[in-house]
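Chemist: Provided herewith is a single structure, encoded as structure tokens, for subsequent inquiry.
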Amino acid sequence: MKKIITKCADETVRFGARLGKLISKGDIIALNGNLGSGKTTLVKGIAQGLGVRDARYVNSPSFVIVKEYKGRFPLYHFDVYRLDDPSALDSVGYKEFFYGNGASVIEWAEKIQELLPKEHLSIEFFSEDINKREISISAEGERYKKMVARL
Ligand SMILES: Nc1ncnc2c1ncn2[C@@H]1O[C@H](COP(=O)(O)OP(=O)(O)OP(=O)(O)O)[C@@H](O)[C@H]1O
Ligand SMILES: [Mg+2]
């Protein structure tokens, strides 16, 4: 497990961009943490690192559950906050995303924990004060452990 502290939103974006450069097709990144703790902010950075044009327009896809951004390969951005039940994710055909041609990043992943592939990168946000966040990164599976080591 790795912990980093960011002291402003931009630092979280920059950390996301580093991560975005390391991810590959098929990667799954699970994000957890309270409302406003920085999940979407990190996704902006991931999109930037993946070469998504206009990554600054990345926002929470609350009403559509999943949005796709085009970078080096597709980035599928899920926000499952509003899902009442994990089975509701079937209706968006989530397997085609999780096991498809892009990387998936999931806000509020704990809500669909049972549907996540066993191997994934897990990132948790803790708000320490108005601009300070502790970001805790842990890996399930060799490939993600290597990724964390390079971060
Ligand atoms: N160090 C920091 N890292 C990330 N965001 C920060 C930081 N400091 C302040 N902020 C601010 O906190 C807010 C984080 O909002 P963001 O939408 O990323 O949260 P979220 O976890 O996606 O929330 P939600 O659960 O509602 O989707 C932004 O307004 C951002 O500017
Ligand atoms: Mg969000």
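With my numbering, letter number 45 in the sequence shown gets 46, and the count goes up by one each step, no holes.
For each residue, glycine too, the CB sits at the ideal point set by N, CA and C.
1) From which residue to which residue does the beta strand (DSSP E) around F51 run?
2) Shortest alpha-carbon distance to E12 belongs to which of T42, L51, A56?
3) Where do the N-terminal and C-terminal ends of the beta strand (DSSP E) with D86 fall, by residue?
4) Assuming L36 and V106 are in contact, meaning their beta carbons sit under 8 Å apart, how far apart are those beta carbons, in whole angstroms?
5) Give the secondary structure of L122 by DSSP, where H, G and I count as helix, E and B as strand, and everything else as coil.
6) How would you write the range of the beta strand (DSSP E) that R134 sits in, first residue to last?
Modeler: Let's see:
1) What sits at residue 51 in the sequence shown is Leu, not Phe. Careful: L51 lies outside any beta strand (DSSP E) and carries neither H nor E.
2) T42
3) D86 -> no beta strand (DSSP E), and no H or E assigned at all.
4) Rounded, the Cβ-Cβ distance is 17 Å, inconsistent with contact.
5) strand
6) 134-141
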